[in-house]
Amino acid sequence: MHTSISIPRRTVFKGIGAIAAAGVLGGNARVAFAAAPHLRAAITGYSVINTLDPGKATLIPEFYVIWSLYNGLLTFDDKMNIVPDLAESYKTLEDGSIEFKLRKGVKFHDGSEMTSDDVKFSIERILNESFASPNRAKVAAVDRVEAVDPLTVRIYTKRPFAPLLTFLTNSRTGTQIVPRKAVEAMGAEAFARKPIGTGPYKLESWSAGTGLKLAAHKDYFGGAPTIETVEVPLIAEESSGVTALLGNQIDLTSTVPAADVPQLSSNPNATILKQPGLNMRFLSLNLRKAPFDDPHFRRAVSMAFQREAMVNAVIFGEGATSHGIFPPLLGDYYSNIRPPQTLFNPEAAKAEMAKSRYKPGEQTVAVVTWGGSWWKRFAEIFVAQVNQTLGTKFTVEVTDANAAYARQQSGDFVCSVWGWLGLVDPDEYINDIFHSKGWRNFGGYSNPEADTLIEAAAREMDQAKRAELYHKAEKVVMEDLPFIPCFTSNIHNLLRKGVSGFVQKPYSNFGDQFINIKTT
Amino acid sequence: MSDVALQSGLHRERMARLRALFVYIAKRVLGSAGVLLVGTLVVFFTMKAAPGDPALSALGEQASPDAIAAFRAAHGLDAPVHVQYLAWLTQMLQGNFGQSLALASGVPVATLLLTKLPATVFIGLYALTIAIVISLVLGTIAALQRGRAADTVATSIAVFGISMPDFWLSYVLIFGLALNLGLFPTFGYVSPADDFLRALHFGFLPAFAIAAPMAAVFARTLRAVLIDVMNKPYVTTAKSFGLRGQFIFVHFVLRNALVPYLTVIGLQIRYILGGVVVVERIFGIPGIGSLMVDGAFARDFPVLQACTVTFLFIVLVVNMITDLICAALDPRRSS
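Heads up: the protein sequence lines correspond to chains A and B, in order.
Positions in the first sequence are counted from 1; adding 193 to them yields the working numbering.
Positions in the second sequence are counted from 1; adding 8 to them yields the working numbering.
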């Protein structure tokens, strides 16, 4: 039996109306934001900043902020030329040392004046093994630093070291200048959380995982910044960054998902900046393990997939195929080679496979990748194409970035998608990875001829000769093919309508631009 | 029987009932503590078994093997796993959650938790409120209009609610209500302590995204229970006494339907916490859900362990409270 109870309909609807009103709160009032007295520059795609001590920093978002808090002796101009920053000028002396004349009257955020002693301290601190700086390799060639007078400093190297000037810029190098007195008084750990630099902005507050607030450094040597405060929210999801910008909650993002680029390009409420980036995406191979210990197998696999299709499917056309070690933006060091073993050629791939010690289906190769982002798609496209062309049994193994890196570093991998971002000197692209003692040479590649050329290039101060040496070294390495180059990605920033002045540089810069930005 | 005998009989019975309730509470507390202990074991050992290394997150890919070894030694990560577990458990029982390894090196985990917990609690309670309100409306309409068009509409809304994943709903809400209509912000969080109305405004979309699937479950339960109660003989009796429908519904039907309805709400709390993890990330809410995801990616074991134990603790406490309320409403449960 079904009993019915009746309640006047009006009572029910009255209740629903009240609830609906409570839910919407304020009815159709549009979200109103006051004209921003400050800049809201979001770091997107990352949520962790662990340290703001340049000597300890390694993560990309850490450097994004460090660039606005500190200066290096040198910096890159808009055309990527190395120009003086805290140094007013520099020259190489007869004894081989480089002498830097410092700017006068540069103030740290705590009001103290920057002197040659701070420069000496900053570089020696990174060199000091007990400090355990992850950026030590950048200054390892430095023999000693001499503070000649308060505004003159000389850097002596053990041997000629061409990348040194690059490594003394305000980029991802860790050589930004810190104040000796403050660091010694606070201790490294406290300094990492309460940084003091000479940069146009100083840290006001920092909430782990959420974001940071910066305030203008009124005594900045380049003049007090127009924008007085900068809010830097950390937005873990890149797509949330895009919607926050379109919803007028932030002015600027550090990156943009490649898939959104075409749509955003035609959006009148936003400006998207894009250009080829200083990065490399490749397949890292373990040469100590079968089947990649066989050069024929490596070449066969490299010829078995189409890089153009990969660029389209993985990063939605936002990039270019790679056929060598250096990205095109490295100027003279880039050689525009297209070795046949890096071109899609199914017949040649099969012929090369026939010469290999291994049969295509004999080895199960798990290609390690991570997350749900384009890195995963990268591995999937590669595996599908190679299996289709060669009849191999490659599979995709998804883990997360930390685990993938741990495995890469310990050599517990056969093949893995991999890449570098923001490296500005050719030495970082070839020496670190392909010198038999390179600290990123996880695949165990070793060729004495390549080693000799790489070492000679690092010593060569003449850029043209240095480029020639790198071209030779690249040729040797590409013949062995200890890795499989795939593509370089474009870099992007998204600006809200009314925001201008951001000068994009290919190493994915960010915080060094806050001072140039104008908002309306 | 004399009055005195009757009084003492009643007193004895009341005491017996109270005793039963206390025994029931004691059993539940002990049981929950046991579950919590097992939970800590599972949390700790699965994390230790997972690949990855906090030293790599903290020191970065450029760290030398020496620096990594020093980091591991400094944080006791090279000790045998059972020793690490016991040390962690002992510390935690003293209220010390340790220090963050990789997310915010050196910051006490308790500080991180305390700064992040309010946002999660606020969004969770907000979601729960929305779910309860929606389900009361939908469930009541469906039950009262059983078999009619309104029932079909309400039931369909409920089915739709159950089938929508929270992350998908979040994006639909962002595009529809925030970007196109401009009714809500797409991103961010305002603390209710700073500005309550703005907090409700900023929190509405994330809370609604979590609430929708829950509201659907609550509404279906409420509908079923209401229909069941409405068929009970005492409702028919009340009707035959000529009581008004509204009175019978509020005083007899809704009240008796509360026990199963509350039980379902209690059980659904874990979905709020699951939803919070996803939604906090999409809307950029600085809560424990975001902290947990970051902790997991960075292999920041102390942070991750503290977050999962906190979530487990919340679920157990809420379930216990729900059971106690139900036991108080329905004494048969504790006897």
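Built from N, CA and C at the ideal position, the CB exists for glycine as well.
Are the stretch 387-395 of chain A and the stretch 350-362 of chain A touching by the rule of at least three beta carbon pairs closer than 8 Å?
-> no
What residues in the stretch 54-66 of chain B bring their beta carbon closer than 8 Å to a beta carbon of chain A?
-> Ala-58, Pro-59, Gly-60, Asp-61, Leu-64, Ser-65, Ala-66
Below-8 Å beta-carbon distance, B:Thr-245 vs any chain A residue = The sequence position of residue 245 of chain B within the second sequence is 237, counting from 1. Chain A, which has no Cβ nearer than 8 Å to the Cβ of B:Thr-245, makes this no.
CB contact flag (A:Glu-281, A:Lys-294, <8 Å) = Translated into positions along the first sequence, residue 281 of chain A becomes position 88. Translated into positions along the first sequence, residue 294 of chain A becomes position 101. Yes, the pair counts as a contact, with Cβ atoms nearer than the cut-off.
Could you check the C-alpha separation between B:Met-222 and A:Tyr-527 for me, to the nearest Å?
-> On the second sequence, residue 222 of chain B is found 214 positions in, with the first residue counted as 1. On the first sequence, residue 527 of chain A is found 334 positions in, with the first residue counted as 1. For B:Met-222 and A:Tyr-527, the distance between alpha carbons rounds to 57 Å.
Could you tell me whether the stretch 35-54 of chain B touches the stretch 564-581 of chain A, where touching means 3 or more Cβ pairs closer than 8 Å?
-> no
Decide yes or no for the touch test of the stretch 325-340 of chain A against the stretch 271-281 of chain A: beta carbon pairs closer than 8 Å, at least 3 of them.
-> no
Residues that B:Thr-123 contacts on chain A, provided the C-beta gap is smaller than 9 Å = Numbered from 1 along the second sequence, position 115 holds the residue referred to as residue 123 of chain B. In chain order: Ser-400, Ala-401, Thr-403.
Use the C-beta contact count for A:Asn-529: other C-beta atoms within 10 angstroms, 16 or more gives buried, fewer gives exposed.
-> Working through the first sequence from its first residue, we reach residue 529 of chain A at position 336. Under this definition A:Asn-529 is an exposed residue.
Answer with yes or no whether the minimum CB distance from A:Pro-426 to chain C is below 8 Å.
-> Checking the listed chains, one finds no chain C in this structure; the protein chains it contains are A and B.
Just the Cα atoms here: how many angstroms apart are A:Ile-518 and A:Pro-327?
-> Along the first sequence, read from residue 1 onward, the residue named residue 518 of chain A stands at position 325. Along the first sequence, read from residue 1 onward, the residue named residue 327 of chain A stands at position 134. Using only the alpha carbons, I get a separation of about 23 Å.
List, in order along the chain, the chain B residues whose C-beta lies closer than 9 Å to that of A:Ile-653?
-> Residue 653 of chain A sits at position 460 when you count from the first residue of the first sequence. Per the sequence presented here, residue 653 of chain A reads as Glu, with Ile not at that position. None at all; the shortest Cβ gap to chain B is about 25 Å.
Indicate the three-state DSSP secondary structure (helix, strand or coil) for A:Val-696 in the structure shown.
-> The count along the first sequence starts at 1 and reaches residue 696 of chain A at position 503. A:Val-696 falls in the coil class under three-state DSSP.
Assuming A:Leu-714 and A:Tyr-638 form a contact by the criterion Cβ under 8 Å, report the distance between their Cβ atoms to the nearest whole angstrom.
-> One cannot answer for residue 714 of chain A here, as it falls past the ends of chain A, which runs 194 to 713.
Chain A contact residues for B:Asp-202, given Cβ-Cβ distances below 7 Å = The sequence position of residue 202 of chain B within the second sequence is 194, counting from 1. Chain A residues near B:Asp-202: none, gap ~14 Å exceeds 7 Å.
Distance between A:Thr-422 and A:Val-224 (C-alpha atoms, nearest Å) | What you label residue 224 of chain A is simply residue 31 of the first sequence in a count that begins at 1. What you label residue 422 of chain A is simply residue 229 of the first sequence in a count that begins at 1. Interpretation of A:Val-224 is limited by its pLDDT of 40, a score under 50 that renders its predicted location unreliable; no figure is taken from the coordinates.
Cutoff 8 Å; reference B:Arg-22; Cβ partners in own chain excluding five residues on either side | For the purposes of this step, residue 22 of chain B is identified with residue 14 of the second sequence, where counting begins at 1. If we look at B:Arg-22 and ignore the five residues flanking it on each side, it has no Cβ neighbours.
Does any residue of chain A bring its CB to less than 8 Å from the CB of B:Asp-302?
-> Within the second sequence, residue 302 of chain B is the residue found at index 294, counting from 1. Yes, B:Asp-302 counts as interfacial toward chain A.
Inter-stretch contact at 8 Å, needing at least 3 Cβ pairs: the stretch 618-632 of chain A / the stretch 644-664 of chain A | yes
Just the C-alpha distance for B:Ile-218 and B:Val-129, rounded to the nearest angstrom, thanks.
-> Your numbering for residue 218 of chain B matches position 210 in the second sequence. Your numbering for residue 129 of chain B matches position 121 in the second sequence. Cα to Cα, B:Ile-218 sits roughly 13 Å from B:Val-129.
8 Å Cβ cut-off: residues of chain A touching B:Thr-194 | By 1-based counting over the second sequence, the position of residue 194 of chain B is 186. In chain order: Ser-433, Thr-436, Ala-437, Leu-439, Gly-440, Gln-442.
Give a yes or no on contact between the stretch 372-389 of chain A and the stretch 302-317 of chain A, applying the rule of three or more CB pairs nearer than 8 Å.
-> yes
Find out if the Cβ-Cβ distance for the pair A:Ala-497, A:Pro-539 is shorter than 8 Å.
-> The residue given as residue 497 of chain A occupies position 304 in the first sequence. The residue given as residue 539 of chain A occupies position 346 in the first sequence. For A:Ala-497 and A:Pro-539, yes; Cβs fall inside 8 Å.
Thinking just about the alpha-carbon of each residue, which of B:Phe-291, B:Leu-122, B:Val-117, B:Ile-273 is nearest to the one in B:Ile-329?
-> Start at 1 with the first residue of the second sequence, and residue 329 of chain B comes out as number 321. Of the listed residues, the one whose Cα sits closest to B:Ile-329 is B:Ile-273.
Chain B within 8 Å of A:Asn-454, Cβ atoms only = Working through the first sequence from its first residue, we reach residue 454 of chain A at position 261. Note on residue identity: the sequence assigns Val, not Asn, to residue 454 of chain A. Closer than 8 Å: no.
How far does the beta strand (DSSP E) with A:His-685 in it reach, from first residue to last?
-> Along the first sequence, read from residue 1 onward, the residue named residue 685 of chain A stands at position 492. Start and end: 676-689.
Contact between the stretch 153-163 of chain B and the stretch 197-214 of chain B: three or more CB pairs below 8 Å?
-> no
For the stretch 589-611 of chain A, which residues have a beta carbon sitting closer than 8 Å to at least one beta carbon of chain B?
-> Thr-592, Asp-593, Ala-594, Asn-595, Ala-596, Tyr-598, Ala-599, Arg-600, Gln-602
Does the beta carbon of A:Asn-243 sit closer than 8 Å to a beta carbon anywhere in chain B?
-> Here residue 243 of chain A refers to the residue found at position 50 of the first sequence. It does: the Cβ of A:Asn-243 has a partner Cβ on chain B nearer than 8 Å.
Label B:Arg-25 either buried or exposed according to how many other C-beta atoms from any shown protein chain fall within 10 Å of its C-beta, with 16 as the threshold for buried.
-> On the second sequence, residue 25 of chain B is found 17 positions in, with the first residue counted as 1. It counts as exposed.
Anything in chain A within Cβ reach of B:Gly-211, meaning under 8 Å, just list it in chain order.
-> To locate residue 211 of chain B, count along the second sequence from 1; it is residue 203. Within 8 Å Cβ-Cβ: nothing; B:Gly-211 doesn't reach chain A, min ~10 Å.
Top-ranked residue by Cα proximity to A:Ile-443, from A:Asp-310, A:Tyr-598, A:Ala-463, A:Asn-264 | To locate residue 443 of chain A, count along the first sequence from 1; it is residue 250. It is A:Ala-463 whose Cα lies nearest to the Cα of A:Ile-443.
How many angstroms separate the CA atom of A:Gly-524 from the CA atom of A:His-628?
-> For this step, residue 524 of chain A is matched to residue 331 along the first sequence. For this step, residue 628 of chain A is matched to residue 435 along the first sequence. When rounded, the distance between both Cα atoms is 22 Å.
At 8 Å on the CB atoms, spell out the chain B contacts of A:Glu-382, in chain order.
-> Residue mapping note: residue 382 of chain A aligns to position 189 of the first sequence, counting from 1. Chain B residues near A:Glu-382: Ser-113, Gly-114.
Limits of the unbroken alpha helix (DSSP H) element including A:Asp-644 | Counted from its first residue, the first sequence places residue 644 of chain A at position 451. Here the alpha helix (DSSP H) through A:Asp-644 covers 641-652.
Closer than 7 Å, Cβ to any Cβ of chain B: which residues of the stretch 303-318 of chain A, in chain order?
-> none
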